[in-house]
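**Student:**
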Amino acid sequence: MRILPAIDLKDQMCVRLVKGDYATAHKVAEDAVETAKKFLDAGAELIHMVDLDGAKDGTHPNYPVVRRVIEETGASVELGGGIRTMEDIARVLELGVKRVIIGSAAVKNPPLVKEACEKYGDKIAVGIDALSGTVRTEGWLNDSGMDYIEFAKLMESYGVKTIIFTDIDKDGMLSGPNFEQLQALRDAVSCGIVASGGVSTLEDIARLRDMKIDEAIAGKAVYTGQLDVRAAIETAKEVG
Numbered sequence: 540m541r542i543l544p545a546i547d548l549k550d551q552m553c554v555r556l557v558k559g560d561y562a563t564a565h566k567v568a569e570d571a572v573e574t575a576k577k578f579l580d581a582g583a584e585l586i587h588m589v590d591l592d593g594a595k596d597g598t599h600p601n602y603p604v605v606r607r608v609i610e611e612t613g614a615s616v617e618l619g620g621g622i623r624t625m626e627d628i629a630r631v632l633e634l635g636v637k638r639v640i641i642g643s644a645a646v647k648n649p650p651l652v653k654e655a656c657e658k659y660g661d662k663i664a665v666g667i668d669a670l671s672g673t674v675r676t677e678g679w680l681n682d683s684g685m686d687y688i689e690f691a692k693l694m695e696s697y698g699v700k701t702i703i704f705t706d707i708d709k710d711g712m713l714s715g716p717n718f719e720q721l722q723a724l725r726d727a728v729s730c731g732i733v734a735s736g737g738v739s740t741l742e743d744i745a746r747l748r749d750m751k752i753d754e755a756i757a758g759k760a761v762y763t764g765q766l767d768v769r770a771a772i773e774t775a776k777e778v779g
């Protein structure tokens, strides 16, 4: 299993939210480039970046920051947030991003995902953000009413190789992932699964590893000092 340390960007600053609430945004690091360097030094192979402005309103003031991170550190980066068209995908890939995360657009325009997978293959991931088991969109603000398992199966049928699953209730709460929903997802699809939201201890990581979850995103716990990135990566690589 791989650990993906997270950098969330809002107004070109590194921030964290609680349960996706933009009103809770608070700065957690001075500079995204320096933060990425620390993650790389700890052994990270892929950094998870989110453009919060893009997710909320489709603007992309953070793209220059993403480009700087990639060019100045050599980091492999996946990016999500407000990616809604084939043109958006192409623009993100031009930044040097290795994996593009389609979120709300996958719910609103499923054919986009199919077209993107046909053109870009495993460079496309789909983010499934769920609250009480139903998929949310628009920066988690709107409820689609769609069951997360059925949606995941549909995305896999379109050729999606990676699904990033976030239980919104767990995000930023340092209370552990939703293991039950992740297990149900693992049982339902064969594509790669990335656990997001609530990952906060080495025990969480060991349990996810033993569940055959492929990757886990570490966010708030890293910034509070509760989770050491190097130790997390080592735990993820151990044989359970």
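Residue numbers (this note's numbering): 540 to 779.
Ideal Cβ positions, reconstructed from N, Cα and C, are used throughout, including at glycine.
Only a predicted model underlies this, so the values are computations on that prediction, with no experimental measurement involved.
#1: Would I622 pass as a contact of I640 if the rule is Cβ separation under 8 angstroms?
#2: Exposed or buried, what is M625 when buried is set at 16 or more other beta-carbons lying within 10 Å of its beta-carbon?
#3: Here's the rule: buried if 16 or more other CB atoms are within 10 angstroms of the residue's CB, otherwise exposed. What is T598?
#4: Which runs of the beta strand (DSSP E), 3 residues or longer, sit entirely within the stretch 544 to 577?
#5: Could you give the uninterrupted runs of the beta strand (DSSP E) lying entirely in the stretch 573 to 655, keeping only those of 3 residues or more?
#6: Ends of the beta strand (DSSP E) at M685?
#7: Could you work out which residue in S729, M712, T705, C730 is closest to E719 when comparing CA atoms only?
#8: Does the beta-carbon distance from V616 to I663 come in below 8 angstroms?
#9: Less than 7 angstroms between C-beta atoms, sequence neighbours within five positions excluded: which residues of the same chain meet that for H565?
#10: So, do the stretch 565 to 585 and the stretch 727 to 744 have three or more beta carbon pairs nearer to each other than 8 angstroms?
#11: Going residue by residue through the stretch 727 to 768, where are the continuous alpha helix (DSSP H) segments of at least 4 residues, counting only ones entirely within it?
#12: Going by DSSP in three states, D668 sits in which element: helix, strand or coil?
**Tutor:** Result, derived from the coordinates:
#1: yes
#2: exposed
#3: exposed
#4: 552 to 557, 560 to 568
#5: 586 to 590, 616 to 619, 638 to 641
#6: 681 to 686
#7: T705
#8: no
#9: V554, R555
#10: no
#11: 741 to 749, 759 to 763
#12: strand
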